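First comes the structure, then the notes that go with it.
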Amino acid sequence: MWDFIVSLFYYALFCLLPLGAFSVLIHALYSLPMRRRERARFFLDVIETTLDRGQSVERAVVSAAESHDRVMGVRFYLLAAHIEGGLQLGDALGQVPRFLPTQISTMLRVGEKLGDLKCVLPACREVLRDPPATVRSAVHYMIVLLLVFSPMAVWMMYTLSIFVFPRFLGVADGMNSKPWPLTQFILSHTTWLIGIETILFVLLVLAALTYVGGPRFIRWFQPRQLPFVDWIAWNIPWKQKYLQRTFSAMLAVLLDGGVPEVEAVRLAGDCTANEVCRHRAETVAAALQQGAKLDNAVRAFDDGGEFHWRLTNATHTRGGFLEALRGWHEALDAKAFQQEEATAHAITSGLVILNGLVVGLVAVTVFGSLIAILRAAMAL
Numbered sequence: 351m352w353d354f355i356v357s358l359f360y361y362a363l364f365c366l367l368p369l370g371a372f373s374v375l376i377h378a379l380y381s382l383p384m385r386r387r388e389r390a391r392f393f394l395d396v397i398e399t400t401l402d403r404g405q406s407v408e409r410a411v412v413s414a415a416e417s418h419d420r421v422m423g424v425r426f427y428l429l430a431a432h433i434e435g436g437l438q439l440g441d442a443l444g445q446v447p448r449f450l451p452t453q454i455s456t457m458l459r460v461g462e463k464l465g466d467l468k469c470v471l472p473a474c475r476e477v478l479r480d481p482p483a484t485v486r487s488a489v490h491y492m493i494v495l496l497l498v499f500s501p502m503a504v505w506m507m508y509t510l511s512i513f514v515f516p517r518f519l520g521v522a523d524g525m526n527s528k529p530w531p532l533t534q535f536i537l538s539h540t541t542w543l544i545g546i547e548t549i550l551f552v553l554l555v556l557a558a559l560t561y562v563g564g565p566r567f568i569r570w571f572q573p574r575q576l577p578f579v580d581w582i583a584w585n586i587p588w589k590q591k592y593l594q595r596t597f598s599a600m601l602a603v604l605l606d607g608g609v610p611e612v613e614a615v616r617l618a619g620d621c622t623a624n625e626v627c628r629h630r631a632e633t634v635a636a637a638l639q640q641g642a643k644l645d646n647a648v649r650a651f652d653d654g655g656e657f658h659w660r661l662t663n664a665t666h667t668r669g670g671f672l673e674a675l676r677g678w679h680e681a682l683d684a685k686a687f688q689q690e691e692a693t694a695h696a697i698t699s700g701l702v703i704l705n706g707l708v709v710g711l712v713a714v715t716v717f718g719s720l721i722a723i724l725r726a727a728m729a730l
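For the sequence shown, the residue numbers in my numbering are 351 to 730.
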């Protein structure tokens with residue numbers, strides 16, 4: 351009985367405890383993007399509630415920090431400390447850049463510059479929309495592949511190539527038997543299969559790091575003079591639509607707030623936190639300074655031309671630019687979600703097919719070698 355208890359203790363210590371710790375770590379990393387969005391939404395709710403009551407946002411942040419609630423995280427208390435030190439909200443956000451997404455921080459600073467934080471909150475919430483459930487399911491599947499199948503596949507192929515396949519070849523050569531042509535091809539190109547699985551594993555790791563780290567993590571690898579990460583984001587169809595929605599929403603907010611067109615375009619470009627969008631916004635601003643109308647100048651921002659006629663119609667409607675462009679923003683979201691969902695399904699289906707192909711090739715190699723050896727043995 352005592353031996354059983356000791357064995358159970360060691361099993362829990364060396365198996366269950368590490369597995370539980372690993373599961374908790376994976377859950378914490380995977381839920382990090384969702385927790386960032388929830389933290390940003392909660393902070394926007396605090397701002398809106400405070401403004402509705404006619405109170406100071408800075409004072410509300412300091413008061414919330416005095417409650418020592420852990421929901422907002424450590425960086426919220428750093429933000430409150432900077433505000434308590436005499437900084438305004440926008441300057442304090444600049445001192446704690448990792449508290450909110452870059453786009454949200456920029457939008458709030460623009461709202462503070464306008465003297466009306468509440469007007470930028472709808473645009474902020476559009477940026478924080480959750481992806482569709484099908485996209486999240488595809489991410490779940492990719493993480494399963496990352497944590498389970500890909501490392502096992504690399505380890506299995508490496509083990510077979512070192513300990514199993516050479517033995518099969520040795521026995522087959524000793525019995526003067528020839529495996530199937532496909533089996534011979536796989537045996538002679540095992541290194542390529544290991545390389546393909548390793549590359550797949552590395553790509554999945556990069557995708558997981560991109561998802562967990564977010565845009566700020568990706569920009570660590572982008573030189574200031576070569577914004578290739580922003581260029582890639584602009585050329586991904588659904589990312590481009592999200593950037594167009596952010597630019598259009600902030601431009602509408604700024605125009606409704608009475609900001610001059612040139613300055614509004616530049617500030618809206620800054621709110622995208624993308625160098626390609628900033629460059630296109632500067633092109634639009636230069637066209638405005640040369641006397642072009644806004645609806646014609648924005649052609650430089652949107653290659654498809656849809657933004658041009660949407661903005662043209664918005665200038666002839668009542669209720670403000672943001673209300674007039676709301677339908678286009680919803681259409682951009684719908685198209686972006688559709689493209690993202692289709693890409694996620696295509697990637698996951700491709701991974702399933704590729705993994706099945708690898709398993710099939712391994713099975714053909716093993717059983718093909720065994721069949722060739724048995725045939726040679728029966729011939730003797």
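Glycine included, each C-beta is placed from N, C-alpha and C at the ideal position.
Source: prediction; values computed, not measured.
Specify, as a first and last residue, the run of the alpha helix (DSSP H) that residue i falls within.
i	result
cysteine 474	471 to 477
isoleucine 454	452 to 464
histidine 418	Element bounds for histidine 418: n/a, residue is neither H nor E.
valine 396	382 to 402
valine 603	587 to 606
leucine 443	439 to 445
phenylalanine 426	424 to 434
tryptophan 505	500 to 509
serine 406	No alpha helix (DSSP H) contains serine 406, which DSSP labels as neither H nor E.
proline 610	Per DSSP, proline 610 belongs to no alpha helix (DSSP H) and is neither H nor E.
isoleucine 536	531 to 538
Taking a contact to mean a Cβ-Cβ separation below 8 Å, would you say residue i touches residue j in this structure?
i	j	result
serine 699	threonine 533	no
tryptophan 581	valine 634	no
leucine 439	glutamine 445	no
leucine 478	arginine 595	no
aspartate 466	glycine 607	yes
alanine 558	leucine 672	no
asparagine 646	histidine 629	no
glutamate 398	leucine 443	no
valine 504	phenylalanine 535	no
tyrosine 508	isoleucine 544	yes
leucine 401	valine 609	no
valine 396	alanine 410	yes
arginine 385	proline 451	no
tryptophan 530	alanine 686	no
leucine 661	glutamate 611	no
phenylalanine 597	threonine 622	yes
alanine 650	alanine 664	no
methionine 457	cysteine 474	yes
asparagine 624	leucine 593	yes
alanine 727	asparagine 526	no
leucine 553	leucine 537	no
If distances are taken between C-alpha atoms only, which option among the options comes closest to residue i?
i	options	result
arginine 517	Ala599, Val716, Trp505 and Leu382	Val716
histidine 539	Ala727, Val712, Tyr427 and Leu471	Val712
methionine 600	Val411, Arg459 and Asp402	Arg459
glutamate 476	Lys463, Glu462 and Ile454	Ile454
phenylalanine 449	Met422, Gly435 and Ala431	Met422
threonine 541	Pro531, Phe515 and Met525	Phe515
valine 702	Ser500, Lys463, Val396 and Lys468	Ser500
alanine 614	Asn585, Val648 and Gly706	Val648
glycine 670	Met525, Ile512, Thr452 and Leu605	Leu605
asparagine 585	Phe426, Met525, Asp652 and Ile512	Asp652
glycine 733	Ala637, Leu682, Ala674 and Glu632	The question about residue 733 has no answer here: the residues shown for the chain are numbered 351 through 730.
isoleucine 723	Gln688, Pro577, Val521 and Leu704	Val521
alanine 431	Asp419, Thr456 and Glu408	Glu408
leucine 510	Glu388, Thr560, Val708 and Tyr427	Val708
glycine 435	Arg420, Val412, Asp419 and Glu416	Val412
histidine 679	Lys591, Phe578, Gln639 and Ala694	Lys591
glycine 677	Ala694, Glu656, Leu576 and Ala696	Glu656
threonine 419	Phe393, Ala636 and Thr693	Residue identity differs from the one stated: residue 419 is aspartate in this sequence, not threonine. Of the listed residues, the one whose Cα sits closest to aspartate 419 is Phe393.
arginine 403	Lys468, Ala636 and Pro383	Lys468
glutamate 632	Arg616, Gln640, Ala642 and Phe578	Arg616
isoleucine 721	Lys528, Glu462, Ala636 and Arg389	Lys528
glycine 706	Glu547, Ala414 and Val555	Glu547
Query raised in the report: What are the uninterrupted segments assigned as beta strand (DSSP E) that are 3 or more residues long and contained completely in the region 616 to 702, given in chain order?
Result: Whole beta strand (DSSP E) segments, 3+ residues: zero.
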